[in-house]
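Numbering (the working numbering), first residue to last: 5 to 303.
Down below is the structure, laid out as structure tokens.
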Ligand code: SIN
Ligand code: FE
């Protein structure tokens with residue numbers, strides 16, 4: 005097992021719009037794009053007294069694991085029927101804006117192209133019962149969305165542990181993306197001709213699933229389904245304490261959430277062209293291995 009120091013780049017900033025100089029910004033972007041977790045040990049997200057009343061797992065609809073929020077559409081969903089949305093609405097809106105401030109001040113190069121996606125509140129213990137391996141985030145994986153093709157854009161996520169009882173959120177971080185890809189990509193068959201149109205027609209995907217999305221989903225599934233891989237591959241264990249936050253390219257970093265309850269999360273999309281080193285992106289790595297464009301203009 006490698007150490008936490010390799011997997012993490014620690015920054016002792018204490019607010020969501022930190023004043024950092026360009027040397028720190030460069031270190032942070034280098035760490036993030038090279039597949040490390042940017043760990044902010046002193047960045048809590050304080051809750052109001054009213055918000056604290058929602059520190060209970062039964063506020064989530066029995067079908068789901070989290071309450072979702074879109075700042076762009078001012079929409080909240082995934083809440084249990086008996087709950088009123090107003091308080092969590094405000095909490096997630098505030099978290100969305102805080103996470104946006106954090107990313108745009110720490111990574112100013114991303115700011116013009118950054119797209120704010122959904123936020124989520126995760127009050128359910130991560131070490132819980134799951135139906136299938138594909139849905140089990142306790143298994144090492146890279147993130148890929150089955151129904152929302154990203155077309156090569158990066159998945160950037162901010163997390164905060166808001167556990168009130170001192171419990172850690174425990175992650176594992178696995179091998180570098182290039183190693184994951186070298187191991188699994190050769191085993192993934194090319195998409196079936198016409199399958200992207202078919203999936204869109206059946207409304208399984210929102211838009212066309214590009215070859216890039218096909219291969220990323222293939223990596224996600226094959227990693228999780230390979231029991232031998234899960235048992236043998238090296239990983240670093242990271243315990244994120246309450247009051248800490250972390251930033252990660254979850255499409256690149258092999259990760260597993262082993263345990264932990266009460267976290268906030270904000271997802272961003274980032275076009276590869278906005279990166280400081282685009283060649284480190286999963287898109288460029290996979291295209292290099294395949295020797296072809298994986299988001300062709302016909303998509
Ligand atoms: C995941 O993206 O696999 C889950 C992360 C978490 O909830 O801590
Ligand atoms: Fe994940």
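For every residue, glycine included, the Cβ atom is placed at its ideal position computed from N, Cα and C.
- Excluding five sequence neighbours on each side, which residues of the same chain lie with their C-beta closer than 8 Å to the C-beta of residue 85? By one-based count along the chain shown, residue 85 stands at place 81. Closer than 8 Å at the Cβ level, and outside the excluded window around residue 85, lie 65.
- Query: Roughly how many angstroms separate the alpha carbons of residue 242 and residue 272, rounded to a whole number?
  - Reply: On the chain shown, position 238 is the one that residue 242 refers to. On the chain shown, position 268 is the one that residue 272 refers to. In a straight line, the C-alpha of residue 242 is about 22 Å away from that of residue 272.
- For the beta strand (DSSP E) that contains residue 29, what are its first and last residues? For the purposes of this step, residue 29 is taken as the residue at position 25 of the chain shown. Element bounds for residue 29: not the beta strand (DSSP E) but the alpha helix (DSSP H), 26-37.
- Query: What is the DSSP secondary structure of residue 269, reduced to helix, strand or coil?
  - Reply: Numbered from 1 along the chain shown, position 265 holds the residue referred to as residue 269. It is a strand residue.
- Query: Can you tell me the Cα-Cα spacing of residue 277 and residue 53, whole angstroms?
  - Reply: Taking the first residue of the chain shown as 1, we reach residue 277 at position 273. Taking the first residue of the chain shown as 1, we reach residue 53 at position 49. Residue 277 and residue 53: Cα-Cα distance of roughly 42 Å.
- Message: Could you check whether the Cβ of residue 258 sits closer than 7 Å to any heavy atom belonging to the ligand FE?
- Response: The count along the chain shown starts at 1 and reaches residue 258 at position 254. No, since every heavy atom of the ligand FE falls outside the 7 Å radius drawn around the Cβ of residue 258.
- Query: So what does residue 173 bridge to, in DSSP terms?
  - Reply: As a working mapping, residue 173 is identified with position 169 in the chain shown. DSSP lists 244 as partners of residue 173.
- Of the residues 88, 48, 111, the one placed nearest residue 33, counting alpha carbons only: Along the chain shown, one-based indexing puts residue 33 at 29. Sorting 88, 48, 111 by C-alpha distance to the C-alpha of residue 33 places 111 at the top.
- Kindly indicate which three-state DSSP category residue 210 falls into: helix, strand or coil? Working through the chain shown from its first residue, we reach residue 210 at position 206. Here DSSP, grouped into helix, strand and coil, assigns residue 210 to coil.
- Query: What span of residues does the beta strand (DSSP E) with residue 162 cover, start to end?
  - Reply: Residue 162 sits at position 158 when you count from the first residue of the chain shown. It spans 158-165 - the beta strand (DSSP E) in which residue 162 sits, taken as one unbroken run.
- Task: For my contact list, residue 117 and residue 220 are in at a C-beta cut-off of 8 Å; report their separation, rounded to the angstrom.
- Result: Indexing the chain shown from 1 puts residue 117 at position 113. Indexing the chain shown from 1 puts residue 220 at position 216. Going by Cβ atoms, the distance from residue 117 to residue 220 rounds to 20 Å, so no, they are not a contact pair.
- Task: Starting from residue 259, follow its DSSP beta bridges and name the residues at the other end.
- Result: Numbered from its first residue, the chain shown carries residue 259 at position 255. Per DSSP, 145, 177.
- Task: Please report the Cβ distance between residue 250 and residue 181, rounded to the nearest whole angstrom; I am assuming they are in contact, meaning their Cβ atoms lie under 8 Å.
- Result: As a working mapping, residue 250 is identified with position 246 in the chain shown. As a working mapping, residue 181 is identified with position 177 in the chain shown. Actually they do not touch by this definition, with Cβ atoms about 18 Å apart.
- Message: Taking a contact to mean a Cβ-Cβ separation below 8 Å, would you say residue 102 touches residue 175 in this structure?
- Response: On the chain shown, position 98 is the one that residue 102 refers to. On the chain shown, position 171 is the one that residue 175 refers to. No, these two residues do not count as a Cβ contact at 8 Å.
- Item | Opening and closing residue of the beta strand (DSSP E) in which residue 122 lies | The sequence position of residue 122 within the chain shown is 118, counting from 1. Segment 119-126, the beta strand (DSSP E) holding residue 122.
- Boundaries (first-last residue) of the alpha helix (DSSP H) holding residue 301: Within the chain shown, residue 301 is the residue found at index 297, counting from 1. Looking at the DSSP string, residue 301 is not in any alpha helix (DSSP H), and its letter there is neither H nor E.
- Message: Please give the ranges of any alpha helix (DSSP H) in the segment 11-90, keeping only runs that are unbroken, at least 4 residues long and fully inside the region.
- Response: 26-37, 53-56
- Task: Check whether the Cβ atoms of residue 177 and residue 11 lie closer than 8 Å to each other.
- Result: On the chain shown, position 173 is the one that residue 177 refers to. On the chain shown, position 7 is the one that residue 11 refers to. In contact: residue 177 and residue 11 (Cβ atoms closer than 8 Å).
- Query: Going by the CB atoms, is the gap between residue 144 and residue 290 shorter than 8 Å?
  - Reply: In the chain shown, residue 290 corresponds to position 286, counting from 1. In the chain shown, residue 144 corresponds to position 140, counting from 1. For residue 290 and residue 144, no; Cβs fall outside 8 Å.
- Is the segment 262-270 touching the segment 149-163 in the sense that three or more CB pairs, one from each, lie closer than 8 Å? yes
- Which same chain residues, not among the five before or five after residue 152, have their C-beta less than 7 Å away from its C-beta? Counted from its first residue, the chain shown places residue 152 at position 148. Excluding sequence neighbours, residue 152 sits near 210.
- Item | Option nearest residue 78 by Cα separation, candidates 295, 170, 150, 122 | Stepping through the chain shown from its first residue, residue 78 is reached at position 74. Closest option to residue 78, Cα to Cα, is 122.
- Query: Helix, strand or coil: which one does DSSP assign to residue 107?
  - Reply: Stepping through the chain shown from its first residue, residue 107 is reached at position 103. Here residue 107 sits in helix by DSSP.
- Query: Taking the C-alpha atoms as reference points, what is the distance between residue 114 and residue 157?
  - Reply: Walking along the chain shown from the start, residue 114 turns up at place 110. Walking along the chain shown from the start, residue 157 turns up at place 153. For residue 114 and residue 157, the distance between alpha carbons rounds to 12 Å.
- Task: Enumerate in chain order the residues of its own chain whose CB-to-CB distance from residue 229 is below 7 Å, with the five nearest sequence positions on each side excluded.
- Result: As a position in the chain shown, residue 229 is number 225, starting the count at 1. Closer than 7 Å at Cβ, skipping near neighbours: 137.
- Message: Quick check on the burial criterion: 16 or more other C-beta atoms within 10 angstroms. Buried or exposed for residue 205?
- Response: The residue you call residue 205 lines up with position 201 of the chain shown. Residue 205 is exposed by the Cβ-count criterion.
- Over what stretch of residues does the beta strand (DSSP E) that includes residue 252 continue unbroken? If you number the chain shown from 1, residue 252 lands on position 248. Taken as a continuous stretch (DSSP letters only), the beta strand (DSSP E) holding residue 252 covers 249-253.
- Go through the residues and name those whose CB comes closer than 5 Å to any heavy atom of the ligand SIN, in chain order. Listed by chain position, these are 141, 261.
- Item | Three-state secondary structure assigned by DSSP to residue 229 | Here the question's residue 229 lines up with position 225 in the chain shown. Three-state DSSP puts residue 229 in a helix.
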